[in-house]
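Take a look at the structure set out below.
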């Protein structure tokens, strides 16, 4: 299993090369991989349905408790088969859909990366490993949504999807880590046994909310649903595969997978069920307002995801059964419908519902697929979706109070009928609406065969439901509930409330379908309200972010060196001052009594010269005063027993002044740049900083400490290092490495001066 | 007028100052002085010469390009540190010849290190001053 | 003396920083120079000030017996002075090149690399 | 003989001197330069292996016993950093073979680069605070000159700010070293660590810690001291910017980690809490800056600032896991930031500009370049399984284990914003059509890059891209090394014993 997934990643390298050789036939070759994977997983059906699980593990980052461990049970197997099976069809379909596209190779690469990551997500047994694959699905989704990257809407939709799911992803990561901390393990199979411990842990609520945030952004739950309709910018095969059949169900998968650990509390029910319900209603309602068929499908997908979430929120055995059934049914009919819409778009050039009609004669195979799938979507007998719906009613009728959920599901069911009609029936029935640029004709078989298979499967499973129940659904539900379950789906349960409700919804749906144009018109006044939805908040917050970012950057990175210095000095003074004032330092101010008069004079001369430098209006005077300061420093060195320093300082000061003078006459005279206020501000800051340094020096010199190193130097300077001038011995011997660095600095400085004066790679100055 | 005096004076001062600088370098290990100060004195001699006679002439008198002085200095200093490595001693361990030489005292690797410092300081200062003057 | 010295150091720091905060590019370099003097004196003071006992071993002795000035800070300062000189020489030439290339000595006009978005 | 400790300093020094000797022969310099860089890289690995096998290694310069001379000492952290220095050196210098102008090469580009490497390695390997200052200066002056090399308008403006603010930091550092010597009376770091607790003056150690924090903080470009970085990094040629971005900022972080694990661990509630606050602010303010920029390298500069916060965050949390994370993050950041700046250079070579508004269409015209951009960019965005993801994961885990939820939340949000920034860059420069083609004209490369030089340009970037992938996929060995490094950083006894030997 591990190797299958890893090899799928590796295989993503090849399509670009294959494309160069095989051109549009690449699809058939690439499809071999998902087909093989489907076959591989199909082998496990027997074993899993008899209650077994398959576990594989490879060490990855054991020091963090992260294993590349895979765990195949009923739920994973169901997903794996959906992913690889639908993947096969989508790959074949894309070969024709994108025939001749110059980036077809890269498209397949990304698609394969996605498939591998999605498989990894549903197979992973370690939450962090799961997260790794989870993020990879988000990112491959980003690349695929933005596949038509020359179009701005595509790029923006891609970014939006990435940001929303990415934000959720990070919440999920935090949730997983907290979960791992609370439960002491990151392995899902071990976590499942620790449900009680987790639910009673103080971190339970944050864990739950963070994980829900991850799952709900990924599965486009309200209020994060808006990215999914926008993601319809992707090529239709992508919308089919990622944004309807598989990736968006990852959130549902995660909820189902972790429900034994997290579910069963009041907060779970009070959050998951209402969110699912609201999403279901919002999606269903909004889907009716759309005219672009892809958007119709997208919103109904949002609604369906809401439905599954709602059922997982309810959490009972029948609810879990309903969720799993609905998931399968939805994947089949919605995938087929998307592919059909793709064919329509491809062959007629439009997906506006108003412009399509009467195409059955021109494209009978596609039409058949569309009608079958629409039929399933509407939930008519004997489709599998009908069974799923019945089961849903059965589950929600058990809840208390049942009325809310029942009503909600009734409304949603009604809308699904309309959606099925708009997307599956309307384009093919009735009279042809208008002339298209090219006469509509049937798509190549590689395109229509895919939706046809899916749509037919949706009906076939409905007619013969028991094998599916026995081999797939039972073990999947068992995995969700962590208890052996027996699912026996059947078309006919006898005349009961469920049948009544679903029939009523169907009839209501048909009525609404017939009156759909009127309904849409009557909803038009709502449009301004709808534009204030969560998506508006999303763009608002991005705009805010931009404003804040602009403001802070303008303040901080103003380009004015004096402000940079000011901030640096203020920060330094503030932080250092604060850390000093935290304690009561000893200043030792009484230590001035040993002052000699010439020292005092020297200090006064030194300070006066600095004042001259600061205040002088003449550049030459300032430089001269700088020289005086330097010589005064040299004298101080001399007075306090540092002849070497005095000599060096003297020489260097002379040299510096000479250099300054040589440069000085090239510079203009002083001019007044800063205002009096600025000067005052700077003076205050500088004085405070200087005062702080003074205090620091006083504090540090008040410490009595032994001179630890001096005795060694006086002892060994002559005997071992053969020199009487200890300072020089330190420089060339004891600490010779410093000096080596220092002459390197000098050498580089000279190179720098040389290059500054001689090298000019830019254009002539002054332009 | 001043430049004439300087021009004449520096012709005689140059060798004297260079001698002084070497003296400062040599005695540095035992009395105030050393490679830095020596190098600075030597370079000030050349700087004065350049002021009086121009950069070109002083370059000719100097014979070696300042950049090569720097390179030589770095090389000397670096390799004097490397010598002890061949005797299986750490970098920059002082190694001394047994014989005592007048003025210098004992001769050893630290001396060559100081010589390197001298050369680098001389080269650096002259490189800076020459390139500023050439503008 | 340490007390007086600490005020000298503080004064040097204050005036150095004040000069650096000016918009004139020459003052910037003068400020840097004052700052390096201040830092050197600070280290010097940290070695404690000793009058008239330079760290030299007198001729004839093999070691110093009386207390002398701490030689280590002196060596450090010597290194720091020389490094400071190298950096300052570069800075001095840099401001000249700046003025020649950019045509201004006003630091506030050198903002193109930070231009606000 | 511990020659292996000496090589990281001696090899770049010798290479620089050799390049200076060959001043006039550009081609000889190139050969020498690449050889030197490869040797440095090799010596880095040698050192890493040596330290891994036999623990912290130290050698006393001049054979003077510590703490009287200067000690070179390398624990795993130092060794890792030296390896990273070698890696940046090799990649950047190979890249410069195809993207460096004759002018700069004949004005000492190669020797300067090696002196820069020498300073960086010296800083990583020294065990003496003042010697650390000297190496900082070596590195700084080399970076000043490299930054200004060429004397273009923008370069000069950037250099003035860079020089000034870095000199502030040096002055602060020097003052801090002086005060520390005044208070403790020694310079050897191991010796300082032993005696730091004996300082009688109340609060002086905390004050010193703050001083060091600020001095290194400026160099590491933390909030609010990072101005010099975005002002200057976008100005020099790509290889120079790349080595600055990849390596130079890490020296400040290295120094912070070194002193705040070895010397200043007395007042954790103050110093490390302060570090944590600054880390958070750095992350946020850096990424906000990146959001509003419109020039490729300026964006990258702000992202660089932002991610410095992550490395400091680990230090601020100060647990074994957190330090591991910081070390890992440094390794990751060196790789991806060098890579990204080099990619920027290729973009510039292809299109003649860094302005986002005039870029675009690279995805269709240069698919390989796009892939090479995407790897480090996604790594910055923290997309698994690239190295950036692990860095973030471990940091977040460490933060959660200590209950620092605020900084964890900040880190996660900033991670998301980083992804946003990188993807905006991707969309604008690579994905969308180039603005020129929309107007009907075809994209004309400013100076078409020949196939051979493209190969030379792509090789180092490819290596870096593969490394960030490899460090993510094989995170375990990398994390194990980082974890051992963190062990050594937190267990100061071992360090002190290695340096001071049997001295009581």
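Chains as they are written, first to last, in my numbering: chain R, -14 to 752; chain P, 9 to 143; chain Z, 3 to 119; chain B, 1145 to 1648.
Cβ atoms here follow ideal geometry from the backbone N, Cα and C, with glycine treated the same way.
This structure is a prediction, so every number in the text was calculated from the model and none was measured.
With its beta carbon less than 7 Å from one in chain B, residue 99 of chain Z belongs to the interface. Chain R places a beta carbon closer than 7 Å to that of residue 83 of chain Z, counting this residue as a contact.
Sixteen is the threshold: when 16 or more other Cβ atoms of the shown chains lie within 10 Å of the Cβ of residue 26 of chain R, as they do, the residue is buried. Counting along the chain, residue 253 of chain R sits inside no beta strand (DSSP E); it lies in the alpha helix (DSSP H) bounded by residues 251 to 273. When secondary structure is reduced to three states using DSSP, residue 43 of chain R falls in the strand class. Within chain Z, the C-beta atoms nearer than 8 Å to that of residue 1323 of chain B come from 44, 48, in chain order.
The residues 99, 102, 103, 106, 232, 235, in chain order, have a CB closer than 7 Å to that of residue 122 of chain R in the same chain once the five nearest residues on each side in sequence are set aside. Linking residue 140 of chain R to residue 1473 of chain B through their CA atoms gives a straight-line distance of about 30 Å.
For the pair of segments examined, the stretch 65 to 72 of chain Z was found not to touch the stretch 1256 to 1263 of chain B: the number of CB pairs separated by less than 8 Å stays below three.
If only uninterrupted alpha helix (DSSP H) runs of at least 4 residues are considered, those enclosed by the stretch 597 to 650 of chain R are 604 to 624, 628 to 649. Where residue 654 of chain R is concerned, there is no enclosing alpha helix (DSSP H), because DSSP gives it neither an H nor an E.
Among the residues of chain Z, those whose CB is under 9 Å from the CB of residue 1300 of chain B are 96, 99, 100, 103, 104, 112, following chain order. By DSSP's assignment, residue 277 of chain R forms a beta bridge with R:337. By alpha-carbon distance to residue 659 of chain R, the top candidate from Z:16, Z:92, Z:46, Z:20 is Z:20. Per DSSP, residue 55 of chain R is one residue of the beta strand (DSSP E) stretching across 51 to 57. When the five nearest sequence neighbours on each side are left out, the beta carbons in the same chain lying within less than 7 Å of the beta carbon of residue 387 of chain R are those of 381, in order along the chain. Distances from the CA of residue 596 of chain R to each of Z:92, Z:114, Z:15, Z:56 were compared; the closest alpha carbon is that of Z:15. Identification of residues in the stretch 1212 to 1228 of chain B having a C-beta nearer than 7 Å to some C-beta of chain P yields an empty set. Here residue 215 of chain R is actually not in contact with residue 166 of chain R; their C-beta atoms are around 36 Å apart, not less than 8 Å.
Check the Cα spacing between residue 149 of chain R and each of R:-3, R:201, R:407, R:548: the tightest is with R:201. Just so you know, the alpha carbons of residue 1465 of chain B and residue 1454 of chain B end up roughly 14 Å apart.
Residue 104 of chain P carries a strand assignment under DSSP once its states are collapsed to helix, strand and coil. Secondary structure note for residue 1338 of chain B: it is in no beta strand (DSSP E), and the uninterrupted alpha helix (DSSP H) holding it is 1333 to 1339. Our two residues, residue 267 of chain R and residue 512 of chain R, have alpha carbons roughly 14 Å apart in a direct line. In the DSSP assignment, residue 551 of chain R falls within the alpha helix (DSSP H) that extends over 546 to 566. Against chain Z, a Cβ distance below 8 Å from residue 39 of chain P picks out 58. Looking at the backbone, the Cα of residue 90 of chain Z and that of residue 23 of chain Z are separated by about 17 Å. Looking from the CA of residue 127 of chain P, the closest CA among P:48, P:21, P:12 belongs to P:48. Spanning the alpha carbons of residue 371 of chain R and residue 206 of chain R requires a straight line of approximately 24 Å. Taking a 10 Å sphere around the C-beta of residue 116 of chain Z, we find 16 or more other C-beta atoms and assign the residue as buried. In the DSSP assignment, residue 1217 of chain B falls within the unbroken beta strand (DSSP E) covering 1215 to 1218. The criterion of a C-beta distance shorter than 7 Å is satisfied by residue 9 of chain Z and residue 679 of chain R. Ranked by how close their Cα comes to the Cα of residue 130 of chain R, the residues R:180, R:58, R:48, R:218 have R:218 in first place. Looking at the DSSP output, residue 1203 of chain B bridges to B:1216.
Rounded to whole angstroms, the Cβ separation of residue 1434 of chain B and residue 1565 of chain B is 5 Å, and the two are in contact under 8 Å. Straight-line spacing of the CA atoms in residue 1336 of chain B and residue 1344 of chain B works out to 14 Å.
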